[in-house]
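Please read the structure below before turning to the comments.
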Amino acid sequence: MLTAPHDPPGAKAPRAVVSLSSTELRGRAITRKRRGRALTSFGRTLVGSKKALAGATILFIMVVVAIIPNVLAPYSPSAEVFPPGLGPSGAHLLGTTSYGQDIFSQLIWGTRVSLVIAVVAGLISTFLSVIIGVSAAYLGGVLDGILSLLTDSFLVIPAFPLVVVIAAYSNGGGTPIIIAVLVVTGWSFGARQLRAQGLSLRNRDFLAAAQLRGERRLRIIVFEMLPSMTSLIVANFLGAAVYSVLTAAGLEFIGLGNVNTESWGTMLYWAQNNQALTAGIPLWALAPGLAIALLGGAFALLNYAFDEVSNPALRHVVLTRPHRHRIGRQRAS
Amino acid sequence: MQYLLRRLGFFVATLWVALTINFVLPRLMPGNPAEAMMARFHGKLSGQALSAMEVAFGVKTRSSPVAQYFSYLGDSLTGHWGTSITFFPSSVRSVVDGALPWTLGLVGITTIIAFVIGTLIGIVGAWHRGGWLDGILPPVFIILSAFPYFFIGMLAILAFSIKVHLLPQGGGITNGAMPSLSWNFIGDVLAHSVLPGVTIVVTSIGGWILTMRNNMITTLSEEHVRMARAKGLSSWRIMLDYAGRNALLPNLTGFGMALGFVVSGAILVEYVFSYPGVGYTLLQAVLNEDYPLMQVLFLLITVAVLVAVLLVDIITLVLDPRTRGT
Amino acid sequence: MKINRLIGAALVTGVIAVASPMLAGASGSAHRATDAHRATDAHRATDAHRATDAHRATDAHRATDAHRASGPKGTLTISNAEFLWTCGFSPYNASSALLAFGPTYQSLMFINTMQNGKVTPWLATSYAWSNQNKTLTFTIRNGVRWNDGTPFTAADVVFTFNLLKKYPALDFNSIWTVLSSVARLGRNKVVMTFKSPSVPYFYYIADQVPILPQHVWSKVSNPVTFKDTSPVGTGPYLVKNCTPHNVEYVANSKYWQPGLPKIKTIEYPAFTSNPPANTLLSTGGAQWGFQFMPNLKAEWTSKNPGNKYWFPPVVNVSVFVNQKKDPVLANVAVRKAISYAIDRARVAAIGEYGYELPANQAGVVTPTFNSWLDKTQLAKAGYRYDPAKAVQILKRAGFKRGSTGRFKTPQGKPLAFTIISQSAYTDWVADLQVMSQELSKVGIQLTADNLAGSAYESDLFTGNYQLALAEETGGPTPYYEYRQMLYGPASAPIGKAAATNWERYQSTATDNLLKRYATTTSTSIQHSIIDKLQEVLLKDLPVIPVIEQADWDEYSTTSLTGWPTPRNPYAQPAPQVVPDFGIVLLHLRWK
């Protein structure tokens, strides 16, 4: 069935440009690896690729900012104590908002929530993907049928409209609600990939050997299957994080988040509502927009680089072995 | 045949999931449209007026949830979509009819443009791997596709309609313009679609480049391409005819689905540009708590995607014999 | 107003009454507009004006012969972000009332909320109360015709009121809760009888009920859902063209006030968001708007010396205190401390950009109702911004200030409250950010809970909150807002939806004051009652007014004259306030 419905351009929030078609390729390439190797290759990716290095550097800086905003930000992000609408200056690097708040301080403080949403939503979605995808692959039969159907259904139901509708119904409940919404709409993509890879792993020698040794199912899944899927799981996390960054920002931007939190999406919401672009305070909107783009871009760069590494076909100019490729509809059952 | 049946089964099952989500969500909400309306009259409505409005909106019903569920399924499938609250007393249907052409026009055309450009860049990039084009365009567009649509939209507005008064900053047409088949009117519509259109193309092109480039690289390593090279055919011919065409086949699947997603529109782009399409209307419905309209739009968007998926399945069945066996 | 609209106007409601179609009834006297008209070419063409005996028009302008000869000319463009038009013109539909009530449909009298309810005859020439203010008799104007040529009669008036009785969904102001019958008397009189004396209802009955043509609406099967695409009204304008993006009106050549209107064509484009609508205004493409401009000076007044604005306040935005929910709030010292601790001027300056004014604890909106404000009483009570006094009041009431500076009750419970607000009203959200900062200075923690529309309303109506930022509707005198805020019988126990009085204030003495007001037409008695109601707010603080919601109105005097201004406040100035919209259109003329 449809594989990786490549997030169509028209459909909101481009989730993960990632992995798209290379899924199957990657699945095959990875099956050879044993536990641990994927992580090593991840490390190598970081060092070896300029793209990955750029992505990792941006991310690292943001993590630092998110940890110590109180040190870096000159003022409180919410205090409305300055003259409104000031241009950039030494005292206010990015000027002030229409309410007299320091834009630079808001940007610094906003890093934390934005990053937390990306990472937490990314982790939980990936976790769900793993549970559902791997269970479906390993359990097989009717259970696989049901889980796959569920996965495929969530995959085709347009995510952003659903996100908007759910967020609207849940009444701007703030960050936890946003994370929940992102997870509900974000897990299916990874689950499908992981199931596909799980299926191809099922009959591998090392798993058969483990079964012969009489190891329990759960143990086999946790200690034998999962490690060999590390690289795909990491890729999925990166994809889910990009999706979360963009979608959360979009939701907050249109006012479906908690408008009192300090985040980049919320800054955009206030900027838009006060018509910052026409009111002569464009930095109020541009600075958080650029920050979101950078964070999304950092994850995407890592993912792109990682995709190249984990998929040898894309890395070497001269291919050593022929690769048959079928995209799209490849239904294992 | 079995394959086709299975795909139909999937279609029905997913449609049912979407319908059910749509039914359950509003019922988890406090209040109802009539209460929302009463609020807008600041409580001056008497209880009697309120119940009269509830009847008018069709929200007052004494039937059981199960009965409501089945009549909801029936009404949804037969196009009895009720009355919009935002645009009361217009029917939901007429609101949808008004919004659909804008989105189909804007997002449909930009999807095709993005697909064509992205695919070409993907082919050429893969063919000249490591060349200057391959080194610049794919990474640039992939990073751009991680940018929020609305950010690109804001930049476009700032640059081309605030700093330089080149293009309108929002809306579908100039106020007061009467729809007609004149060049003036068409030009007006086009002028209003340039900025949102470019925003969509720029942010969505990266996905097509990436898939096409990857497909192409894989295809280039296949035997028949090497054979063609060995035969000494021209580069152009091999690139487009042999490799490109084969690599394109799987990408068409994604394209078919993308066309299905067109209906959902680029919600945030329409929002930033106040473009009166489906996505913008959906947000209007959400913000005005217009549940009937919201439900129908969400359903419509889902059905469009499902139909596209089903069509792609059928086309694949025809084009790719391998699926028949499975 | 709700400054910041999210998507276009949709969210904006508020003060300005009709910010988005649905929100039409939102505030003040703003809602409902009507207008109908249908312009069959037949009638448009023929007939220059016919000045029948209609000209008794007591209206301020009465056309001179010279004017009559010139005829209407030119085009006025209104630029405002609403949502797309439905091309329905039912005056009884919140989304189209603002397009119809005034230009096309008219009411019996025009009551000016800007001038203490000054009454101007419109479709009726006079009215009289009798029978201890339980009978109201209107004399209907002769010589008025519907725009399809049919004569307007007292039967139309009776039909309209009985239609509201039959269809309560049309009775927005619940007038049939006080009316007992409406009947025709003789050829041109309409007699309304009331269950009890209901003088203030005169405003709703005379000004807020658009009169419908019986010969058209009696054939409508469901008036609640009737779209009315070609309205038949008595007003000065006909709908000539309508698309979702624009409504075009043209002067009704047979309008009953001779020589009026002066403007031939009105264009009312539908903008889906503020910026393009603002651009049209600031570039001179439109002459009239009523919306938020982030930088009024740069975008409007500096562009042309003829560009003016007037934002008259109409109603209070207040902190509603739910004393029944929280015993700590039932302590008047806490309410007083909150009132002293809020720097209203700062809230208005930051949260409202200074475009709306700070309110006063007496609850009389100034300068609109200046003549009603008891200044001595207000001065005596104090309630200027005074954080030190707030702290002192709390200490005296036995509250202890902890090491963090936070006050605690004698039982050790911290003074921390949650206030609900509408997330869509971004100016309110901003106001609350300022207010929490100020309250924290005096040791009170205020947490804003910004809810989406129906969740907010549901909590507000059922009393499921500690504090709420909210506004009631106003009217031609402060009485209307006081009644909405304080009238006990209109409230409900916690858990049940209250029609008004959402803070659930109960006081028999106050209820009696409000009831007495309803029985009298004497201004001096009315004044003495309003004085006592101010005392209730000052002594008891059932609500704490913070800012004054205003009508937004930007207008161009470059080529047009006759706009409502602070000096000549003959109507509420913004085009979404109905039927005032129609009154303004009749006053405008080219320079």
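Chains as they are written, first to last, in the working numbering: chain E, 10 to 342; chain F, 6 to 331; chain Z, 9 to 599.
We put the CB at the ideal spot given by N, CA and C, even for glycine.
As the structure is a prediction and not an experimental result, all values here were calculated from the model.
- Three-state secondary structure (DSSP) of Pro497(Z): For Pro497(Z), the secondary structure class from DSSP, reduced to helix, strand or coil, is helix.
- Query: Any C-beta of chain F sitting closer than 8 Å to the C-beta of Gly157(Z)?
  - Reply: The beta carbon of Gly157(Z) does not come within 8 Å of any beta carbon belonging to chain F, so the residue lies off that interface.
- Does the beta-carbon distance from Tyr278(E) to Gly264(E) come in below 8 Å? Cβ distance < 8 Å, so Tyr278(E) and Gly264(E) count as in contact.
- Query: The beta strand (DSSP E) with Ala505(Z) in it runs from where to where?
  - Reply: Per DSSP, Ala505(Z) lies in no beta strand (DSSP E) segment and is marked neither H nor E.
- Comparing the C-beta of Tyr276(F) with each C-beta of chain E, is any distance below 8 Å? Yes, its Cβ sits closer than 8 Å to a Cβ of chain E.
- Item | Coil, strand or helix - Asp457(Z) by DSSP | Under the three-state reduction of DSSP, Asp457(Z) is assigned to strand.
- Message: Using the three-state DSSP reduction, which class does Ile591(Z) fall into: helix, strand or coil?
- Response: Helix, per DSSP.
- Task: Determine, using beta-carbon pairs with one atom in the stretch 303-314 of chain Z and one in the stretch 555-567 of chain Z, whether at least three such pairs fall under 8 Å.
- Result: Contact between the stretch 303-314 of chain Z and the stretch 555-567 of chain Z is present: three or more C-beta pairs spanning the two stretches fall below 8 Å.
- Query: Can you give, in chain order, each stretch of the alpha helix (DSSP H) that sits fully within the stretch 91-137 of chain F and has at least 4 residues?
  - Reply: As far as the stretch 91-137 of chain F is concerned, its whole alpha helix (DSSP H) runs of at least 4 residues are 97-132.
- Task: Evaluate contact between the stretch 143-154 of chain Z and the stretch 197-210 of chain Z, counting only Cβ atoms and requiring at least three cross-stretch pairs below 8 Å.
- Result: Counting Cβ pairs under 8 Å, three or more are found: they touch.
- Cα-Cα separation, Lys449(Z) to Val72(E): Distance between the alpha carbons of Lys449(Z) and Val72(E) is about 33 Å.
- Can you give the Cα-Cα distance for Gly359(Z) and Asp439(Z), rounded to whole angstroms? Rounded to the nearest whole angstrom, the CA to CA distance from Gly359(Z) to Asp439(Z) is 4 Å.
- Message: Suppose contacts are defined by Cβ-Cβ distances below 8 Å. Is Asn245(E) in contact with Gly199(E) by that definition?
- Response: Yes, these two residues count as a Cβ contact at 8 Å.
- What residues of chain F sit near Val251(E), judged by a beta carbon separation below 8 Å? Within chain F, the residues near Val251(E) are Ala151.
- Message: Strictly under 8 Å for the Cβ-Cβ distance: is Arg35(E) near chain F by that measure?
- Response: For Arg35(E), the predicted structure reports a pLDDT of 33, less than 50, and the residue's modelled location is therefore unreliable. A value from the coordinates is still provided. Not closer than 8 Å to any Cβ of chain F, the Cβ of Arg35(E) fails to qualify, so no.
- Item | Close-in-space but distant-in-sequence residues of the same chain around Ile133(E) (CB under 6 Å, 5 per side omitted) | Within its own chain, the residues whose Cβ lies closer than 6 Å to the Cβ of Ile133(E), once the five positions on either side in sequence are excluded, are Val192, listed in chain order.
- Message: Would Ile552(Z) and Ser379(Z) qualify as a contact pair, given that the criterion is a beta-carbon distance under 8 Å?
- Response: One thing to note: Ile552(Z) has its Cβ no nearer than 8 Å to the Cβ of Ser379(Z).
- 6 Å CB neighbourhood of Gly406(Z) in its chain, flanking five on each side removed: The residues are Pro418.
- Message: I'd like to know if Gly362(Z) contacts chain F, where contact means its C-beta is closer than 8 Å to some C-beta of that chain.
- Response: Answer no: the Cβ-Cβ gap between Gly362(Z) and chain F never drops below 8 Å.
- Item | Limits of the unbroken beta strand (DSSP E) element including Ile119(Z) | 117-120 is the span of the beta strand (DSSP E), which, as asked, contains Ile119(Z).
- Taking one C-beta from the stretch 302-313 of chain E and one from the stretch 143-158 of chain F each time, how about it: are there three or more such pairs within less than 8 Å? Flag = yes, the stretch 302-313 of chain E and the stretch 143-158 of chain F touch.
- Message: To the nearest angstrom, how far is the alpha carbon of Val474(Z) from that of Asn509(Z)?
- Response: It is Gln, not Val, that sits at residue 474(Z) in the sequence shown. Straight-line measurement puts the Cα of Asn509(Z) at about 14 Å from the Cα of Gln474(Z).
- Query: Is there a Cβ from chain Z that is less than 8 Å from the Cβ of Gly298(E)?
  - Reply: With 8 Å as the cut-off, Gly298(E) does not count as an interface residue toward chain Z.
- Bounding residues of the alpha helix (DSSP H) (the contiguous stretch that carries Glu228(F)): Counting along the chain, the alpha helix (DSSP H) containing Glu228(F) begins and ends at 228-236.
- Buried versus exposed, by CB contacts within 10 Å (16 or more), Lys421(Z): Lys421(Z) should be labelled exposed.
- How long is the line joining the alpha carbons of Lys235(Z) and Pro94(F), rounded to whole angstroms? Going from the Cα of Lys235(Z) to the Cα of Pro94(F) covers about 6 Å.
- Going along chain Z, which residues have a C-beta under 7 Å from Pro173(F)? The contacting residues are Pro284.
- Item | Own chain, CB closer than 7 Å to Pro231(Z), minus 5 neighbours either side, in chain order | Shown here for Pro231(Z): same chain residues with a beta carbon closer than 7 Å to its own, the five before and five after excluded, namely Tyr100, Leu171, Tyr175, Leu178, Trp225 in chain order.
- Residues bridged to Leu148(E) by DSSP? For Leu148(E), which the question treats as bridged, DSSP gives no partner whatsoever.
- Task: Using a Cβ-Cβ cut-off of less than 8 Å, list which residues of the stretch 66-91 of chain E approach chain Z; keep chain order.
- Result: Correct list: Ser87, Ala88, Glu89.
- Task: Have a look at Asn330(Z) and Gly266(E) and give me their C-alpha separation to the nearest angstrom.
- Result: Separation of Asn330(Z) and Gly266(E) (C-alpha to C-alpha, rounded to the nearest whole angstrom) is 27 Å.
- Query: Where does Ala278(Z) fall in DSSP's three states?
  - Reply: Of the three classes helix, strand and coil, the one that applies to Ala278(Z) here is strand, per DSSP.
- Task: Determine the contact status of Asn124(Z) and Tyr578(Z), defining contact as a CB-CB distance below 8 Å.
- Result: No, the pair does not count as a contact, with Cβ atoms beyond the cut-off.
- Item | Residue nearest to Ile319(F) in terms of C-alpha spacing, selected from Thr286(F), Met262(F), Leu287(F) | Checked all of Thr286(F), Met262(F), Leu287(F); the closest Cα to Ile319(F) is Met262(F).
- Task: Answer yes or no: does any C-beta atom of chain Z fall closer than 8 Å to that of Gly284(F)?
- Result: Not an interface residue.
- Can you tell which of Ser114(E), Glu233(E), Val174(E) has the C-alpha that lies nearest to the C-alpha of Val29(F)? That would be Val174(E), whose Cα lies nearest to the Cα of Val29(F).
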